[in-house]
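Participant:
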Amino acid sequence: MLPLNLSVLQLFWDYLLTNFQDTLRSPLFPIILSVSTYFLLVTLFTILDVLAYILPGINQYKIHSKKQVTLNEILKTLGLTVYNHLVFIFPATVAQWYWRPPVPLPKEAPSLLEFVFGILGCTILFDFQYYLWHMLHHKIKWLYTTFHAIHHEFYEPFSLVTQYLSAWELICVGFWTTVDPIFFQCHCLTAWSFMVFNVWISIDDHCGYDFPWSMHNLIPFGLWGGSIKHYAHHQKPSTNFAPFFSHWDWLAGTGSGWEHSAPQKLNNI
C-alpha cells in the first residue's frame, strides 16, 4: 500500500508539476490564486443574498433574518474592493513579477501531517497577529479613525464587507498571509492552501449566515468564532477581536458573551 502522502498529495503534486509547472513557478500565481478565490466565494454569497429576496427560505440561515443586502451596499463594497486591488494589489503584483524570477519547485509533496499542521500553525499564528492588530486599532482612537473605522461602516456584515478595508489593513493581512508560511518553512503547496483557507474563513466570518455546516457549528467547545461572533463584533465593536479562534478573547476577557444563538434576538428588531 502506498503511503498516504504518496497516494494523495504526491500524486496530486505530480499532476500539477506535469501540467502546470510554468504557471505555478510564476511569482504572480499566489496573488492570482488568492484574488480569484476571494471573488469567486463572495460572488457565490452575493448570489445567495440576492436570491434571499425571492426565496425566503434562505433567510432562516441569516443571523439577522430581516436584514436584506441592498444593491447600493453591494456596489459600495465592491467599488472599494476593486479600487484597492487596482491601486495597491495590482502594482504590487507587477513589481513582484518584475523583481522576482520564477522559483524552482520541489519534486516531493509535503507529507499529510506536514500539510495539515502547516495550515493549522499558520492559521493560529495569523489569528494571534490579527487579534493584537485588531485590538490596538480599536483601543487607540487615531488608529481606529485613520485605518479601521471604514470596515465598521456596516453594522450587519455580508460577504463583500470582508475586504471593505483601508489599504493599510489589506496590506497587513496580505503580508501575514504571505510571511507566516515562510516562518513555518511550509511547502509551497501548503502555503497556497493556507492562502485559500484564509480567504474562505475570512469570508465565512463576514457572510452574515449561520449554516448548520458552518465551522463554528462543527468545531466543538466554542473554540471557533465564526460568523456569529464576528457579527457580534460589528454590533459590539469593543468585543471579539480574534478573527478565527475564541481563545484569545476568552483569555483577555474581550469576548462578547453572546452564545451561538444570541444574535437571533436581532431578528425581532
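For the sequence shown, our numbering gives the first residue as 666, with consecutive numbering after it. We put the beta carbon where it would ideally sit given N, CA and C, even for glycine. Keep in mind that this is a model prediction, so the values were computed, not measured.
1) Opposite F910 in the DSSP bridges: which residues?
2) Alpha carbon to alpha carbon, what distance is there between G922 and L693?
3) Under 8 angstroms by Cβ, that's how I've got T842 and F780 pegged, so tell me the actual separation to the nearest angstrom.
4) Quick test of your reading: Y895 and N905, contact by CB under 8 angstroms. State the CB separation rounded to the nearest angstrom.
5) Tell me which residue opens and which closes the alpha helix (DSSP H) that N882 is part of.
6) Just to check my reading of the structure: D914 and G891 have Cβ atoms closer than 8 angstroms, yes? What is that Cβ distance to the nearest angstrom?
7) For F910, which of K731, T788, K806, H816 has the nearest alpha-carbon?
8) So for Y703, helix, strand or coil by DSSP?
9) Which of the three DSSP states, helix, strand or coil, is assigned to K732?
10) Tell me, please, which residues DSSP counts as bridged to K901.
11) Residues in the same chain with beta-carbon distance under 8 angstroms from E773, minus the five sequence neighbours each way, listed in chain order, please.
12) Tell me the DSSP secondary structure of Y874 in three-state form.
13) I need the DSSP call for K772, collapsed to helix, strand or coil.
14) Taking all protein chains shown into account, decide if T688 is buried (16 or more other Cβ within 10 angstroms of its Cβ) or exposed.
15) For H802, which residues in the same chain have their Cβ closer than 7 angstroms to its Cβ, ignoring the five residues on either side in sequence?
16) Just reading off the alpha helix (DSSP H) that T842 is part of, what are its end residues?
17) Using the Cα positions of S858 and V734, report the straight-line distance between them to the nearest angstrom.
18) Report yes if the C-beta distance between T855 and P771 is below 7 angstroms; otherwise report no.
19) Report buried or exposed for G722, applying the criterion of at least 16 other Cβ atoms within 10 angstroms of its Cβ.
Facilitator: Reading from the atomic positions:
1) As a first step, residue 910 must be located in the sequence shown, where it is residue number 245. DSSP, once it has assigned bridges, lists W889 as partnering F910.
2) The count along the sequence shown starts at 1 and reaches residue 693 at position 28. The count along the sequence shown starts at 1 and reaches residue 922 at position 257. Roughly 42 angstroms separates the two Cα atoms.
3) The sequence position of residue 842 within the sequence shown is 177, counting from 1. The sequence position of residue 780 within the sequence shown is 115, counting from 1. That pair is no contact at about 17 angstroms.
4) Mapped onto the sequence shown, residue 895 falls at position 230. Mapped onto the sequence shown, residue 905 falls at position 240. Contrary to the premise, residue 895 reads as His rather than Tyr in this sequence. With a Cβ gap of about 7 angstroms, H895 and N905 count as contacting.
5) Counted from its first residue, the sequence shown places residue 882 at position 217. Counting along the chain, the alpha helix (DSSP H) containing N882 begins and ends at 880-883.
6) Against the sequence shown, residue 914 aligns to sequence position 249. Against the sequence shown, residue 891 aligns to sequence position 226. That belief does not hold up - the Cβ atoms of D914 and G891 are roughly 13 angstroms apart, past 8 angstroms.
7) Taking the sequence shown and counting its residues from 1, the one referred to as residue 910 is at position 245. For F910, the nearest C-alpha among the options comes from T788.
8) Working through the sequence shown from its first residue, we reach residue 703 at position 38. Looking at Y703 - three-state DSSP - the assignment turns out to be helix.
9) On the sequence shown, residue 732 is found 67 positions in, with the first residue counted as 1. If DSSP states are grouped into helix, strand and coil, K732 belongs with coil.
10) Against the sequence shown, residue 901 aligns to sequence position 236. K901 is not bridged to any residue.
11) Taking the sequence shown and counting its residues from 1, the one referred to as residue 773 is at position 108. Correct list, in chain order: Q675, W678.
12) Numbered from its first residue, the sequence shown carries residue 874 at position 209. Looking at Y874 - three-state DSSP - the assignment turns out to be strand.
13) Against the sequence shown, residue 772 aligns to sequence position 107. Three-state result, K772: coil.
14) Along the sequence shown, read from residue 1 onward, the residue named residue 688 stands at position 23. Looking at its Cβ environment, which holds fewer than 16 other Cβ atoms inside 10 Å, T688 is exposed.
15) Taking the first residue of the sequence shown as 1, we reach residue 802 at position 137. Hits under 7 angstroms: L808, Y809, F812, H813.
16) Reading the sequence shown from its first residue, position 177 is the one you call residue 842. Unbroken alpha helix (DSSP H) run through T842: 832-848.
17) Here the question's residue 858 lines up with position 193 in the sequence shown. Here the question's residue 734 lines up with position 69 in the sequence shown. If I take the Cα positions, the gap works out to 30 angstroms.
18) Walking along the sequence shown from the start, residue 855 turns up at place 190. Walking along the sequence shown from the start, residue 771 turns up at place 106. Going by C-beta atoms, T855 is not nearer than 7 angstroms to P771.
19) By 1-based counting over the sequence shown, the position of residue 722 is 57. Answer is exposed; the Cβ neighbour count stays below 16.
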